[in-house]
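Here is the structure we will look at.
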Amino acid sequence: MSLALVFAVGGLVGIGTYLITARSLSRILLGFSLLGHAAVLALLASGGPAGDAPLADQTTPQAEANPLPQALSLTAIVISFGLTLFLLALARRQHVLTGDDLVEDDLEDRRIAGEAAEEHR
Amino acid sequence: MTTVVALLIVGPLVAAMVSLWFRDHGFLRDVVTVGSLSVLTGLAALLLASVEQNGPVVLRVGGWDPELGVVLVADLFAALILLVALITILMVEIYAIGQRRTKWGADPRVAGPILLVLTAGVSLAILTGDLFTLFVAFELILVSSYVLLTHQGRHEQIRSGMTYVVMNLLASTLFLLGVAYVYAATGTVNMALLAERIPELGSGVQLGIGVWFLVVFGTKAAVFPLFSWLPDSYPTAPTTITAVFAGLLTKIGVYALIRFQTLTGMEDLGPLILLVAGMTMLVGVAGALAQDDVKRILSFHIVSQIGYMLMGLGLFSVAGIAGAILFLIHQIPIKTVLFLVGGLIEEESGTSALDRVGGLAARKPIIALLFALPALSLAGLPPFSGFVAKLALVDAGVAGGATAIVVVALVGSALTLLSMAKIWLGVFWGTPVAATAGGSDEPPTAPDGHGLRLMFGATGIVVGVTLAIAVLAGPLWDMSERAAEDLVDPTNYVGEVLG
């Protein structure tokens, strides 16, 4: 596994994790895109050293790159693309409803926690 | 039989497309959804009968070698869970058709087709023989659950939907990273090959992989301390949707956990899993006691009950895992039916908040009965299915020398009964409260008699299924035990897949 890829995965996971701790859904969305890229890179790197494009008749099995992780990555990319769109739609709906795209607290949970604190006093 | 395995996954997807095509033709759409789900249930029963007689069915999709291609494997464990899951989905769909005219009903134009996509995901997750396809199946389930949860676009649903989506996306990303690690370590994602290769790895790598997937599947299954998204998001969805989620989603997480940890021989994780199991039982039931809304109480119980299945897994003995399988079979219909009854309560009294409902036992004794039977079963009282399943687990725990977890499990059961009594007191006894006392709630738009009959009928049938599980406990236990033997010693599974 190339060291550059390892650092790229680490960096992407770091920035992505920072972004998904934000309150605003658009930042979370960017965070997930980065995390998704990191996962796909890790998947590619897990296939061993790079090689020629794995096309039949154009290269030898020894010289070509491992095609399986590439197939898996492609599937993962399509899925994360769809989910990014869904998150965007969710952010848009929240914007229509409340005027921002912040992730809110669970009110019922807060109420029950408040009751418990009240009893304690 | 391999055709049946393929149909169980392709069938619901095709049916989803057809019913989406007919989404504005109410009757045709219902015929397609209910019809296809009935056929699928029949196929699952056929598959179970065949697997029970002749052993696992293996389908190599496209004829590829297991090292490269997708393999679908139906062993006894898979066939059992699949049948129970499909029966439950079918009944929920019938209930949903009855409920659609009320404000609590899901939008049938979305719910019907998407429920079929979810069914395909559930079938794929149960039948798949490789880790990456399991990831795809989880995504299929989750994407449909995102849509089902938020399709009405109400503020409350969007709010909780955000937490739900973000938590599950995070777990999915971790899943994908985990697949990459496993592939880097072993050069395969096929579970049968993993069963051979993971035990050959260094113990540190093994432990890393085991804990990683415990976190991934644990988030899906809502175990302590990864459950916080569940009680927040589930109650906001329409009743039928919550019922499906409660009965299936977390259980599929448990299923995957049992499958992966036993195949790869993660016995070393046993104590950790038992600790997590105990905490899940106690924290879940404690959360339930603090709530005062029927749906929220039931949502915390989902968490608490997951602990019992983990307990069986954590013991890593045939008896323990057989207990976990039996518990899984019992939980899928029980959790679903409790939410369906919660929907009936909402339908009847306009709210599911405990302090605003009351005296329902006098007004609607049938709802009280439909609630009492599964509630007692959930708490594990004899002679219901919960008792049989919990007895098996406690037995296995004592035999395995894990006294601490047995004590925790029994305390958890007692507290479960307590919180069920809380619902009973709040909803079915006490003085009836006028529906208007709630203030802002609109008066319910009651479904017509035909719709109500469907709702009661579907609920009644699921209650019947849970009673049947108690009656058939003997044969089911035999099957669970045989399934568990194959899980604990995967040579048979590996031989069938690779052979």
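Residue numbers (numbering that gives the first Met the number 0), protein chains in the order written: chain A, 0 to 120; chain B, 0 to 498. Glycine included, every Cβ here is placed at the ideal spot set by N, Cα and C.
V135 (chain B) versus A220 (chain B) - alpha carbon distance: Numbered from 1 along the second sequence, position 136 holds the residue referred to as residue 135 (chain B). Numbered from 1 along the second sequence, position 221 holds the residue referred to as residue 220 (chain B). Cα to Cα, V135 (chain B) sits roughly 17 Å from A220 (chain B).
Continuous alpha helix (DSSP H) stretch holding V9 (chain B): start and end: Numbered from its first residue, the second sequence carries residue 9 (chain B) at position 10. Its alpha helix (DSSP H) spans residues 1 to 20.
is_contact[A52 (chain A), chain B] using C-beta, thresh 8 Å: To locate residue 52 (chain A), count along the first sequence from 1; it is residue 53. So, not an interface residue.
Contact set between the stretch 455 to 486 of chain B and chain D, restricted to residues whose Cβ is under 9 Å from the partner: Looking for chain D here will not work: the only protein chains present are A and B.
Cutoff 8 Å: L89 (chain A) Cβ touching any chain B Cβ: In the first sequence, the residue the question calls residue 89 (chain A) occupies position 90. Cβ-Cβ to chain B under 8 Å: yes for L89 (chain A).
Short Cβ contact (8 Å threshold) for G425 (chain B) with G358 (chain B): Residue numbering aside, residue 425 (chain B) sits at position 426 when the second sequence is read from its first letter. Residue numbering aside, residue 358 (chain B) sits at position 359 when the second sequence is read from its first letter. Contact: no.
Residues of the stretch 22 to 38 of chain A whose Cβ lies closer than 7 Å to any Cβ of chain B, in chain order: L24, I27, F31, L34, G35, A38
V284 (chain B) (DSSP reduced to helix, strand or coil): Taking the first residue of the second sequence as position 1, residue 284 (chain B) is located at position 285. In this structure, V284 (chain B) counts as helix in the three-state DSSP scheme.
Test item: CB-CB of V464 (chain B) and I125 (chain B) under 8 Å: By one-based count along the second sequence, residue 464 (chain B) stands at place 465. By one-based count along the second sequence, residue 125 (chain B) stands at place 126. Contact flag unset, no.
P112 (chain B) burial status per 10 Å Cβ neighbour count (16 or more: buried): Position 113 of the second sequence, counting from 1, holds the residue named residue 112 (chain B). Its Cβ being crowded by 16 or more others within 10 Å, P112 (chain B) is buried.
Straight-line gap, G319 (chain B) to E66 (chain B) (C-alpha atoms, nearest Å): One-based indexing of the second sequence puts residue 319 (chain B) at position 320. One-based indexing of the second sequence puts residue 66 (chain B) at position 67. The alpha-carbon atoms of G319 (chain B) and E66 (chain B) are separated by roughly 31 Å.
Contacts that L67 (chain B) makes with chain A (C-beta to C-beta distance below 8 Å): On the second sequence, position 68 is the one that residue 67 (chain B) refers to. What L67 (chain B) touches in chain A: L67.
Whole-Å CB distance - L515 (chain B) paired with L139 (chain B), under 8 Å assumed: Residue 515 (chain B) lies beyond the range of chain B shown here (0 to 498); nothing can be said about it.
Beta carbon proximity, Q151 (chain B) to chain A, threshold 8 Å: Translated into the one-based positions of the second sequence, residue 151 (chain B) becomes position 152. So, not an interface residue.
Nearest-angstrom beta carbon gap, I468 (chain B) and H329 (chain B) [assumed within contact, 8 Å]: Taking the second sequence and counting its residues from 1, the one referred to as residue 329 (chain B) is at position 330. Taking the second sequence and counting its residues from 1, the one referred to as residue 468 (chain B) is at position 469. That belief holds up - the Cβ atoms of H329 (chain B) and I468 (chain B) are roughly 6 Å apart, short of 8 Å.
Whether A191 (chain B) touches K334 (chain B) by CB criterion (8 Å): For the purposes of this step, residue 191 (chain B) is taken as the residue at position 192 of the second sequence. For the purposes of this step, residue 334 (chain B) is taken as the residue at position 335 of the second sequence. Cβ distance not < 8 Å, so A191 (chain B) and K334 (chain B) don't count as in contact.
A482 (chain B) versus W428 (chain B): straight-line alpha-carbon distance, rounded: Along the second sequence, read from residue 1 onward, the residue named residue 482 (chain B) stands at position 483. Along the second sequence, read from residue 1 onward, the residue named residue 428 (chain B) stands at position 429. Spanning the two alpha carbons is a distance of roughly 43 Å.
The stretch 368 to 386 of chain B contacting the stretch 332 to 350 of chain B, beta-carbon criterion three pairs below 8 Å: yes
Same chain, Cβ closer than 7 Å to L273 (chain B), five either side skipped, listed in chain order: Taking the second sequence and counting its residues from 1, one reaches residue 273 (chain B) at position 274. M310, G313, A401, I404, listed in sequence order.
Same chain only: Cβ atoms within 7 Å of G157 (chain B), ignoring 5 sequence neighbours per side: Taking the first residue of the second sequence as position 1, residue 157 (chain B) is located at position 158. A small correction: the amino acid at residue 157 (chain B) is Ile; Gly does not occupy that position in the sequence shown. Once the five neighbours on either side are set aside, the close Cβ partners of I157 (chain B) are T149.
Pair within 8 Å by beta-carbon distance, V165 (chain B) and I76 (chain A): Within the second sequence, the letter at position 166 stands for residue 165 (chain B). Within the first sequence, the letter at position 77 stands for residue 76 (chain A). For V165 (chain B) and I76 (chain A), no; Cβs fall outside 8 Å.
Other residues of its chain near D440 (chain B): CB distance less than 7 Å, five sequence neighbours each side excluded: By 1-based counting over the second sequence, the position of residue 440 (chain B) is 441. Only weak support is given to the placement of D440 (chain B): the predicted model assigns it a pLDDT of 47, under 50, and the question is left unresolved by the model.
Burial state of G438 (chain B), where buried means 16 or more other Cβ atoms lie within 10 Å: Within the second sequence, residue 438 (chain B) is the residue found at index 439, counting from 1. Its pLDDT being 42, under 50, G438 (chain B) is placed unreliably in this model, and the value from its coordinates should be taken loosely. G438 (chain B) should be labelled exposed.
Inter-residue CB distance, T415 (chain B) and Y94 (chain B) (contact presumed, cutoff 8 Å): Within the second sequence, residue 415 (chain B) is the residue found at index 416, counting from 1. Within the second sequence, residue 94 (chain B) is the residue found at index 95, counting from 1. Actually they do not touch by this definition, with Cβ atoms about 24 Å apart.
Boundaries (first-last residue) of the beta strand (DSSP E) holding R59 (chain B): Locating residue 59 (chain B) in the second sequence gives position 60, where the first residue counts as 1. R59 (chain B) -> beta strand (DSSP E) spans 56 to 59.
C-beta atoms of Y182 (chain B) and W211 (chain B) nearer than 8 Å: In the second sequence, counting from the first residue as 1, residue 182 (chain B) sits at position 183. In the second sequence, counting from the first residue as 1, residue 211 (chain B) sits at position 212. No, the Cβ-Cβ distance between Y182 (chain B) and W211 (chain B) is not below 8 Å.
Alpha carbon of P53 (chain A) to alpha carbon of S45 (chain A), nearest angstrom: The residue you call residue 53 (chain A) lines up with position 54 of the first sequence. The residue you call residue 45 (chain A) lines up with position 46 of the first sequence. Approximately 16 Å between the Cα atoms of the pair.
Contained alpha helix (DSSP H) runs [length at least 4] in the stretch 408 to 433 of chain B, N- to C-terminal order: none
DSSP beta-bridge partners of V72 (chain B): Locating residue 72 (chain B) in the second sequence gives position 73, counting from the first residue. Per DSSP, B:V57.
Sufficient close CB pairs (3 or more, under 8 Å) joining the stretch 236 to 254 of chain B to the stretch 262 to 278 of chain B: no
Neighbour-count burial assignment, S171 (chain B), 16 or more Cβ in a 10 Å radius: In the second sequence, counting from the first residue as 1, residue 171 (chain B) sits at position 172. It is buried - the Cβ of S171 (chain B) has at least 16 other Cβ atoms within 10 Å.
Bridge partners - A352 (chain B), DSSP secondary structure assignment: Taking the first residue of the second sequence as position 1, residue 352 (chain B) is located at position 353. DSSP lists B:D292 as partners of A352 (chain B).
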